[in-house]
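Under this note's numbering, the first residue of the sequence shown is numbered 325, with each subsequent residue one higher.
Report on the structure given below.
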Amino acid sequence: MEIPLRVIHSELEIKKTVDELGRQISEQYRGKDLLLVGILNGAFIFLADLSRSLSIPHKIDFMGASSYGDATQSSGNVKITKYPDTNPQGKDILIVEDVIETGLTLGRITGYFLEEGASSVRICSLIVKEKPGRKSFPADFVGYREGDEFLIGYGMDYAGLYRNLPFLATLDDPSLLDENTLS
Ligand code: PRP
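This is the structure we're talking about:
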């Protein structure tokens, strides 16, 4: 069976993009009390690389949110599956996401940090998906702006699989993919 994947950003290209984001973030947060908050599960790979690209001191925590489950469309119901261990009060929070689509997840999460008294809340997303007629959620640091295609790799999954792929790829027909396709 032919692999229904098209690589849209290679491993090397992603590395250059993440390094550039790291450079910008390091410049803007120098001297601040920076806390990176990765949104599980999808952001874990991006967060690890972004953290290592920063040249300034920073702490790391995680928050869990899920609205897609195994589906390719958001259910619209954002479930917080983990709250951060760190008290956000007085912290400069940089939320790290793999992808923003509807913005519902980040709406919920930024609301949490503002209510908890964070000094500042900004967003770094590797990908922002844009769709005609849909208002884009404002992000402060963005790696790539893409269309509404389904993406896998570099943290993003299809039914929990393929997060480990080192590149970003589109899956033109998710129904064709099964566990054996990429082996
Ligand atoms: C994905 C992604 C974002 C969210 C973005 O998470 O990691 O958190 O969807 O979508 P939105 O802008 O429409 O809210 P998902 O719920 O798929 O969980 P996962 O990160 O564990 O894959």
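From the three backbone atoms N, C-alpha and C, an ideal C-beta is built for every residue, glycine too.
Is the distance from the Cβ of residue 459 to the Cβ of residue 427 below 9 Å? What you label residue 459 is simply residue 135 of the sequence shown in a count that begins at 1. What you label residue 427 is simply residue 103 of the sequence shown in a count that begins at 1. Their beta carbons are under 9 Å apart, which means residue 459 touches residue 427 by this criterion.
Are there 16 or more other CB atoms within 10 angstroms of the CB of residue 335, so buried, or fewer, so exposed? If you number the sequence shown from 1, residue 335 lands on position 11. Its Cβ having fewer than 16 others within 10 Å, residue 335 is exposed.
Problem - Bounding residues of the beta strand (DSSP E) (the contiguous stretch that carries residue 332) - result: Counted from its first residue, the sequence shown places residue 332 at position 8. First-last of the beta strand (DSSP E) with residue 332: 329-333.
Of the residues 475, 364 and 415, which one's Cα is nearest the Cα of residue 437? Taking the sequence shown and counting its residues from 1, one reaches residue 437 at position 113. When only C-alpha atoms are compared, the closest one is 415.
- Message: For a quick check, are the C-beta atoms of residue 478 and residue 469 less than 9 Å apart?
- Response: In the sequence shown, counting from the first residue as 1, residue 478 sits at position 154. In the sequence shown, counting from the first residue as 1, residue 469 sits at position 145. Their beta carbons are not under 9 Å apart, which means residue 478 does not touch residue 469 by this criterion.
To the nearest angstrom, how far is the alpha carbon of residue 439 from that of residue 421? For the purposes of this step, residue 439 is identified with residue 115 of the sequence shown, where counting begins at 1. For the purposes of this step, residue 421 is identified with residue 97 of the sequence shown, where counting begins at 1. Each residue's Cα considered, the two are about 20 Å apart.
Applying the criterion that 16 or more other CB atoms from any shown protein chain within 10 Å of the CB defines a buried residue, is residue 453 buried or exposed? Start at 1 with the first residue of the sequence shown, and residue 453 comes out as number 129. Flag for residue 453 reads buried.
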